[in-house]
């Protein structure tokens with residue numbers, strides 16, 4: 057017999073965003089049902105994310121301790137143990153027992169929408185006030201002849217590495233695999249990047265340039281303006297990349313940047329009047345789909361940072377749907393985990409210029425004593441803080457390229473949420489040198505303040521001149 061459930065929120069999918077939303081909603085007193093076949097659903101991706109973080113930390117530690125030239129291989133066994141331990145901790149937090157303790161009803165089955173507001177599983181019919189789709193996605197291999205004949209490095213294969221790849225061929229780079237690529241390069245791998253378009257296309261070129269220069273200094277080889285025509289196996293584990301001009305490049309391993317296809321089939325989205333396409337489910341800024349009772353989140357399986365973003369989105373949406381005090385609009389920072397890091401939030405310079413007149417304020421890390429000490433024996437400090445404001449000095453967006461950009465961008469997240477002006481950040485100061493000083497210097501370059509000081513100087517000079525000429529007469 058089919059049981060009918062009427063919760064406040066039904067979460068479909070046990071990704072990081074879905075689990076975060078379910079926990080947050082339950083914490084607010086809402087009745088929550090979670091539909092997921094496998095809990096926890098993030099084991100493989102969590103292991104890959106943690107391995108990327110550990111590799112980055114290992115490579116950074118070698119640079120800071122002057123061991124860049126060492127040929128000692130990293131201890132992959134220790135890294136895997138650390139990954140398994142971290143995955144186990146997260147698995148305990150997301151276990152069915154833990155979810156039951158939070159008053160979250162778990163249905164370990166699949167299902168689909170039978171009506172606009174009814175989701176059915178094998179033995180349950182769920183009629184919730186709100187539905188949340190936190191579905192997974194799968195990587196899609198690029199359409200290159202021969203790619204099915206080789207074994208590329210995928211998340212499950214990367215965590216099984218026993219040594220750093222000698223020569224790694226990378227087909228395209230994006231914000232999700234850049235940290236892994238740079239870490240392997242610093243640990244001794246020769247990276248050959250095949251790039252047909254711009255490096256990190258879609259990001260602000262002004263912020264990308266310092267990162268690209270740093271990667272090239274470290275030995276990154278970029279093969280651009282040449283299309284890959286075919287991939288062939290070479291030996292037992294190697295590959296050969298054949299280019300359109302007839303040349304070829306041999307490598308020991310292959311890594312490609314894959315687009316991801318959301319698993320939207322079989323959910324009855326058409327029956328529920330939820331619009332979607334190949335790119336995923338269409339939603340607005342509040343994560344609402346074409347059906348006002350159904351919301352959708354990024355599953356967070358792309359990378360470690362996307363997992364964090366998905367959790368933030370899930371918690372915000374739970375507060376939006378279940379709290380008596382709706383939260384302010386969510387401002388999520390976009391982070392590229394590399395060295396130097398890139399973090400952006402709000403409108404880019406190009407997007408802001410399309411809306412009208414703007415001002416762009418900048419300050420470099422080269423003048424920061426704290427940034428200098430953080431670099432230690434490394435190359436000179438590069439990067440800067442960039443603030444975009446309207447003509448009234450209100451902050452529209454910001455971008456940072458430089459040390460600890462992911463930490464500094466939170467200041468501008470707060471500024472956007474509270475509609476602050478650039479001049480309001482001029483109070484950021486500490487008794488010791490800090491990276492936040494660069495944000496303050498950029499904010500104090502605000503044209504309205506500069507104009508005010510200039511006007512004061514003009515009137516002061518005019519008054520001095522009049523007094524020198526004997527005006528006003530006594």
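Numbering (the working numbering), first residue to last: 57 to 530. Glycine included, C-beta positions come from ideal geometry on N, C-alpha and C. It should be emphasised that the depicted structure is a prediction, and the values quoted were computed from it without experimental measurement.
If the criterion is Cβ atoms closer than 8 Å, does the pair residue i and residue j meet it?
{"i": "residue 401", "j": "residue 439", "result": "no"}
{"i": "residue 479", "j": "residue 499", "result": "yes"}
{"i": "residue 314", "j": "residue 295", "result": "no"}
{"i": "residue 310", "j": "residue 206", "result": "yes"}
{"i": "residue 217", "j": "residue 198", "result": "no"}
{"i": "residue 394", "j": "residue 234", "result": "yes"}
{"i": "residue 158", "j": "residue 90", "result": "no"}
{"i": "residue 412", "j": "residue 449", "result": "no"}
{"i": "residue 329", "j": "residue 347", "result": "yes"}
{"i": "residue 250", "j": "residue 297", "result": "yes"}
{"i": "residue 419", "j": "residue 501", "result": "yes"}
{"i": "residue 242", "j": "residue 115", "result": "yes"}
{"i": "residue 260", "j": "residue 455", "result": "yes"}
{"i": "residue 80", "j": "residue 371", "result": "yes"}
{"i": "residue 194", "j": "residue 457", "result": "no"}
{"i": "residue 481", "j": "residue 495", "result": "yes"}
{"i": "residue 112", "j": "residue 285", "result": "no"}
{"i": "residue 342", "j": "residue 354", "result": "no"}
{"i": "residue 77", "j": "residue 352", "result": "no"}
{"i": "residue 264", "j": "residue 305", "result": "no"}
{"i": "residue 484", "j": "residue 459", "result": "no"}
DSSP on residue i, reduced to helix/strand/coil?
{"i": "residue 475", "result": "coil"}
{"i": "residue 136", "result": "helix"}
{"i": "residue 60", "result": "strand"}
{"i": "residue 537", "result": "Outside the displayed span of the chain (57 to 530) sits residue 537, for which this structure offers no information."}
{"i": "residue 114", "result": "helix"}
{"i": "residue 497", "result": "helix"}
{"i": "residue 423", "result": "helix"}
{"i": "residue 266", "result": "helix"}
{"i": "residue 249", "result": "strand"}
{"i": "residue 336", "result": "strand"}
{"i": "residue 234", "result": "helix"}
{"i": "residue 438", "result": "coil"}
{"i": "residue 330", "result": "coil"}
{"i": "residue 193", "result": "strand"}
{"i": "residue 417", "result": "strand"}
{"i": "residue 353", "result": "coil"}
{"i": "residue 400", "result": "strand"}
{"i": "residue 226", "result": "strand"}
{"i": "residue 181", "result": "strand"}
{"i": "residue 242", "result": "helix"}
{"i": "residue 203", "result": "helix"}
{"i": "residue 373", "result": "helix"}
{"i": "residue 258", "result": "coil"}
{"i": "residue 505", "result": "Below a pLDDT of 50, predicted positions are generally treated as unreliable, and residue 505, at 49, falls in that range; the measurement from the model is reported next regardless. Correct three-state label for residue 505: helix."}
{"i": "residue 430", "result": "helix"}
How many Å lie between residue i and residue j at the Cα?
{"i": "residue 376", "j": "residue 65", "result": "12 Å"}
{"i": "residue 409", "j": "residue 403", "result": "9 Å"}
{"i": "residue 69", "j": "residue 189", "result": "6 Å"}
{"i": "residue 185", "j": "residue 86", "result": "11 Å"}
{"i": "residue 214", "j": "residue 389", "result": "27 Å"}
{"i": "residue 493", "j": "residue 425", "result": "10 Å"}
{"i": "residue 200", "j": "residue 248", "result": "17 Å"}
{"i": "residue 486", "j": "residue 364", "result": "29 Å"}
{"i": "residue 62", "j": "residue 179", "result": "14 Å"}
{"i": "residue 340", "j": "residue 171", "result": "22 Å"}
{"i": "residue 262", "j": "residue 442", "result": "9 Å"}
{"i": "residue 133", "j": "residue 181", "result": "46 Å"}
{"i": "residue 187", "j": "residue 73", "result": "13 Å"}
{"i": "residue 196", "j": "residue 93", "result": "23 Å"}
{"i": "residue 506", "j": "residue 461", "result": "Because residue 506 sits at a pLDDT of 48, beneath the cut-off of 50, its placement in the model cannot be relied upon, and the point is left open."}
{"i": "residue 145", "j": "residue 303", "result": "48 Å"}
{"i": "residue 175", "j": "residue 183", "result": "7 Å"}
{"i": "residue 475", "j": "residue 488", "result": "28 Å"}
Would residue i pass as an interface residue toward chain B - the criterion being a Cβ-Cβ separation below 8 Å?
{"i": "residue 261", "result": "Although the question refers to chain B, the structure presented lacks it and comprises just one protein chain."}
Name the DSSP beta bridge partners of residue i, please?
{"i": "residue 364", "result": "Paired residue(s): none; residue 364 is not in a bridge."}
{"i": "residue 169", "result": "175"}
{"i": "residue 296", "result": "288, 306"}
{"i": "residue 66", "result": "89, 187"}
{"i": "residue 318", "result": "193"}
{"i": "residue 445", "result": "415, 451"}
{"i": "residue 457", "result": "398, 440"}
{"i": "residue 279", "result": "250"}
{"i": "residue 160", "result": "88"}
{"i": "residue 391", "result": "399"}
{"i": "residue 109", "result": "Looking at the DSSP assignment, residue 109 forms no beta bridge with any residue, so it has no partner."}
Entirely enclosed alpha helix (DSSP H) segments - the segment 71 to 102, minimum 4 residues:
72 to 83
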